[in-house]
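Below: one structure, written as C-alpha cells.
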Amino acid sequence: MKILLAGGAGFIGSHTVVELIQAGHEPVVVDNLYNSNRKVFERLKAITGKDVCFYEADVCDAQAMDDIFAREHFDAVIQFAGYKAVPESVRESVKYYRNNLDTTLTLLECMQRHGVTRIVFSSSATVYGPIEESPLVETMPSAGPTNPYAWSKYMNEVILRDAVVSNPGWSVALLRYFNPIGAHESGLIGENPLGIPNNLMPYVTQVAVGKLPHLNINGTDFPTPDGTGVRDYIHVVDLARGHVAACDYLFDHTGCEVINLGTGVGYSVMDVVNTFERVNELTLEKVIAPRRPGDMASYYSDPTKAKNLLGWQTEKTLDDMCRDSWRWQKNNPNGYED
Ligand code: UFG
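Going by the numbering used here, the final residue of the sequence shown carries number 344, and the count climbs one at a time with no gaps.
And the structure:
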C-alpha cells in the first residue's frame, strides 16, 4: 500500500516509516518540520536503504495537500500531524485547537475529493481522562479530558467517528497510545523534543547526557507500590508496528474502531529510573519534587482488543526501552542538530 504519513517526520512517524518499509509498504511523508528535522531522512535511508518520498508542506495547506493527493494516489492515510505539549496547550489553547483540528479536517476533505477511504489516527490514552481504575478498556466512557491537547485528541476522535457515518465504506482506526519511549535500535532515529522535555524518558536521557542537572521525581506519595506514578511505557518500535497492523486491518474492514496501543503492564517512575541506571551502568542525579498538578497515580492499558483485532502485541521490554533511549541520546546529544 502507498500510505501518506501526515506529520510523519517526527518521533513516532519516523519509526513508522521504517516498519512500513520493512513490511513492504510505500510511505510518503508530508511534514512542515515544525517539530522535526529533515536530517531524519538521511538516517531513514541509512536504516532502510531507501530514499523516503518527502514533501515539505503544512498539512493545513489545502491546496498543497490537494496537489499531493492528486499526484500520489494513496491507499491509506496515517494522521500524526499535531502539536503535542500539554503545558503549552494550556497557555496557547487556540493555536492547539486550530492546528490539531485543521490538520485532520484538511486530510478528510482531501480523502473525500480523491476517493481515499482509510485513515489511522494518532490518538492518546489521555482521552480517557482522570479514571482511577486501570486497566483502561476501549469500552470505558471518557471521564473528560483535562487540557486542550487532550481535548483536541478527543474532538478528533468525534470528527473521525462522524466521518465514517457520513462516508459509509470508510475505515478508521483511532489508536490510543500510552507512553511511547525508546528508539530504533540503530541509535540513528529517536525522540528530539523542542526545549526542556515535559516527559519522563527524554528528561532522564538529557540528565544522563549532562544537558540537565537532575531529574525531578514528581510525587512519591501516590497510592502505588513505591509511591511514584505508574504508567504503561511502550517501545516506539512496537508502537510503529501497531500502525502497520492497523493499516493492514483497514485494508479489508470498514467502520471505526478505537484501539489501545500499550503493553498492559504498569511501571513506576522509580522502576524506569532503576532500570535505566542498571542497563546503562550509570547513575542519575535525582531530586524528590512535588506532584505535577493533575497527574494520575496509575494509568495503564488493557491491550486485548489490539491483539484480537490486529493480531498485534508488544514484544520489547523495559530494559530494551531504556537501552535504546540512551543509545539514541548518547550518540546524538543534540538530537539531529549535530
Ligand atoms: N515524571 C517525573 N519527572 C519528570 C517527568 C515526569 O517524575 O521530569 C513522572 C510523572 O509524574 C508521571 C510519569 O513520570 O508519573 C510519566 O510522565 P510523562 O510526562 O512522561 O507522561 P504522562 O503519562 O504524564 O503523559 C503522557 C503524554 C501525554 C499524554 C498522556 C496520557 O505525555 O501526551 O501520557 O496518555 F496525554
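Note that the Cβ used here is the ideal one computed from N, Cα and C, for glycine as well.
Where residue i sits in the DSSP three-state scheme
i: Lys-8; result: strand
i: Tyr-209; result: helix
i: Thr-304; result: Just to set this straight, residue 304 is Ser in the shown sequence, not Thr. Residue state, collapsed to three classes: strand.
i: Leu-218; result: coil
heavy atom of ligand 3 below 7 Å from residue i C-beta
i: Gly-270; result: In terms of ligand content, the structure shown lacks ligand 3 and carries ligand 1 instead.
Beta strand (DSSP E) segment containing residue i, residue limits
i: Arg-61; result: Per the sequence presented here, residue 61 reads as Tyr, with Arg not at that position. First-last of the beta strand (DSSP E) with Tyr-61: 59-62.
i: Ala-179; result: 177-183
i: Gly-341; result: From DSSP, Gly-341 is part of no beta strand (DSSP E); its letter is neither H nor E.
i: Ile-294; result: 292-295
i: Ala-266; result: Strictly speaking, residue 266 in this sequence is Asn, with Ala absent from that position. First-last of the beta strand (DSSP E) with Asn-266: 261-267.
Element boundaries [alpha helix (DSSP H), containing residue i]
i: Lys-313; result: 310-316
i: Asn-280; result: 275-286
i: Leu-324; result: 324-337
Proximity below 8 Å, CB of residue i to CB of residue j
i: His-241; j: Asp-325; result: no
i: Tyr-342; j: Lys-90; result: no
i: Gly-272; j: Ser-140; result: yes
i: Thr-226; j: Ile-294; result: yes
i: Leu-218; j: Ser-158; result: no
i: Gly-193; j: Arg-284; result: no
i: Gln-85; j: Thr-110; result: yes
i: Leu-5; j: Val-24; result: Examination of residue 5 is not possible in this model, given that the chain is present from 7 through 344 alone.
i: Ile-18; j: Leu-245; result: yes
i: Thr-234; j: Ile-223; result: yes
i: Gly-268; j: Ser-304; result: no
i: Val-178; j: Phe-257; result: no
i: Ala-12; j: Ala-87; result: yes
i: Gly-216; j: Asp-330; result: no
i: Val-65; j: Val-36; result: yes
i: Val-164; j: Glu-291; result: no
i: Lys-8; j: His-79; result: yes
Within 7 Å of ligand 1: residues by beta-carbon to any heavy atom:
Lys-90, Val-92, Ser-130, Ala-131, Thr-132, Tyr-155, Ala-156, Tyr-183, Phe-184, Asn-185, Asn-204, Asn-205, Leu-206, Met-207, Tyr-209, Leu-221, Asn-222, Ile-223, Asn-224, Gly-225, Thr-234, Gly-235, Arg-237, Val-275, Arg-297, Arg-298, Asp-301 and Tyr-305
Which runs of the beta strand (DSSP E) spanning at least 3 residues fall entirely within the stretch 102-174, listed in chain order?
124-130
Could I get the ranges of all uninterrupted beta strand (DSSP E) runs contained in the stretch 220-245, with 3 residues as the minimum, in chain order?
221-224 and 239-241
Could you tell me which uninterrupted beta strand (DSSP E) segments, each at least 3 residues in length, are contained entirely in the stretch 16-94, listed from first to last along the chain?
32-37, 59-62 and 82-85
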